[in-house]
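Numbering (my numbering), first residue to last: 492 to 798.
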């Protein structure tokens with residue numbers, strides 16, 4: 492039986508919009524988490540380098556409007572709302588607005604392609620806590636992650652191909668693709684399909700490109716230095732492969748579905764500096780952002796829930 496949903500809630504991380512937002516934003520990020528103060532100070536500086544503005548919110552809204560328009564084009568009139576975990580509009584505020592507009596049953600679309608407690612279940616808990624605190628009865632069903640969706644893979648491969656086209660074909664044998672994702676604590680990774688899903692994404696992109704010279708690496712480690720987190724780090728790998736004769740590196744942040752500070756700084760600045768020192772030509776492949784194929788992938792998973 493087809494299910495009727497009143498709305499879609501696109502659930503995102505959130506990001507500051509200006510310098511004044513940085514500290515309160517990071518206080519929200521750190522709430523209840525063992526993030527060392529020096530790491531928060533370091534991240535604050537990353538945002539300051541970009542005048543306090545991350546493109547994440549802007550892309551999330553573009554993804555939301557793109558999804559709503561694509562669904563309407565395909566005959567599905569479903570409003571799409573945006574709720575953020577760490578910045579405005581906060582998840583509880585958006586749920587309150589949805590309730591006031593009569594929403595009783597909604598699709599929750601978590602803006603992550605790969606599942607771990609940090610990227611998936613935590614957002615589901617945030618929604619449930621908001622409903623409980625507000626005393627609102629609203630049913631949520633969550634859309635499937637997009638890590639292996641053919642259109643997500645195709646779009647991601649297109650972005651890598653853009654970079655490959657900038658490299659002379661005779662240098663392909665000395666070109667490595669590094670697929671990057673956010674590092675998470677090892678115990679969290681072991682309790683989730685996160686690494687397996689990332690490997691699937693990387694393998695499918697490489698297969699589509701018919702390219703064998705690739706590795707899955709990690710970035711943006713936060714927690715206590717003594718705690719085990721997923722490795723290897725992208726910068727360590729760049730230094731290592733430079734010694735093996737690699738000339739070009741294409742870094743694609745497959746663990747992120749839009750550009751934001753952890754992409755712009757960790758790859759665009761930090762990994763770039765390491766590459767320059769190692770004598771490697773680094774090209775950063777774009778994330779899927781609001782590309783049409785990615786919008787179509789989101790619409791497809793929604794339509795499968797509705798039909």
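Each residue gets a CB set at the ideal place from its N, CA and C atoms; glycine is no exception.
May I have a chain-ordered list of the alpha helix (DSSP H) segments no shorter than 4 residues that lie completely inside the region 502–554? 513–521, 528–540
Answer yes if the region 526–539 comes into contact with the region 625–643, meaning at least three C-beta pairs across the two stretches below 8 Å, and no otherwise. no
With 16 as the cutoff for other CB atoms within 10 Å, does residue 753 come out buried or exposed? buried
Burial state of residue 554 (16 or more Cβ within 10 Å): buried
In the DSSP output, which residue or residues are listed as bridge partners for residue 747? Paired residues: none, contrary to the question.
Would you grab the beta carbon distance between residue 665 and residue 734 for me? Rounded to a whole angstrom, and I think it's under 8 Å. Incorrect: roughly 13 Å between the Cβ atoms, too far for contact.
Counting only the same chain and skipping the five closest in sequence on each side, list residues whose C-beta sits under 8 Å from that of residue 657. 774
Residues of its chain near residue 511, where Cβ-Cβ distance is below 8 Å and the 5 sequence neighbours each way are ignored: 543
How many whole angstroms separate the CB atoms of residue 776 and residue 699, which I take to be in contact at a CB cut-off of 8 Å? Their Cβ separation, rounded to whole angstroms, is 13 Å, which puts residue 776 and residue 699 out of contact at 8 Å.
Our contact map puts residue 729 next to residue 765 with C-beta atoms below 8 Å; I'd like the distance itself, whole angstroms only. 5 Å
Exposure of residue 717, with buried meaning 16 or more beta-carbon neighbours within 10 Å: exposed
Following the continuous beta strand (DSSP E) through residue 734, name the residue where it begins and the one where it ends. Note, residue 734: premise wrong, no beta strand (DSSP E); not H, not E.
So, under 8 Å CB-CB, residue 781 and residue 550 are touching, yes? Tell me the CB distance rounded to an integer number of Å. 6 Å
Beta-carbon spacing of residue 791, residue 642 below 9 Å: yes
Look at the alpha carbon of residue 622 and the alpha carbon of residue 583, and state the distance between them as a whole number of angstroms. 7 Å
Would you kindly work out how many angstroms separate the C-alpha atoms of residue 763 and residue 494, rounded to a whole number? 48 Å
Is it the case that the Cβ atoms of residue 788 and residue 547 are separated by a distance below 9 Å? no
DSSP state of residue 670 mapped onto helix, strand, coil: strand
Where DSSP assigns a beta bridge to residue 710, which residues make up the other side? 673
Go ahead and pull the three-state DSSP assignment for residue 611. helix
Give the DSSP-derived three-state secondary structure of residue 681 in the structure shown. helix
So what's residue 567 in DSSP terms, helix, strand or just coil? coil
Going by the DSSP bridge assignment, what does residue 720 pair with across the sheet? 676
Within the continuous beta strand (DSSP E) that includes residue 601, where are the two ends? 596–601
Specify the secondary structure class of residue 560 as computed by DSSP and reduced to three states. helix
Under a Cβ-count criterion, where at least 16 other Cβ atoms within 10 Å of its own Cβ denotes burial, should residue 577 be classed as buried or exposed? buried
At what residues does the alpha helix (DSSP H) containing residue 652 begin and finish? 641–655
Since residue 632 is in the beta strand (DSSP E), which residue starts that stretch and which ends it? 630–633
Per DSSP, which residues does residue 575 bridge with? Please list them. 503, 581
Drop a sphere of 10 angstroms on the beta-carbon of residue 540, count the other beta-carbons inside from all chains shown, and report buried for 16 or more, exposed for fewer. exposed
What residue range does the alpha helix (DSSP H) around residue 783 cover? 783–797
Cα separation between residue 631 and residue 598? 6 Å
Residues bridged to residue 774 [DSSP beta-bridge criterion]: 741
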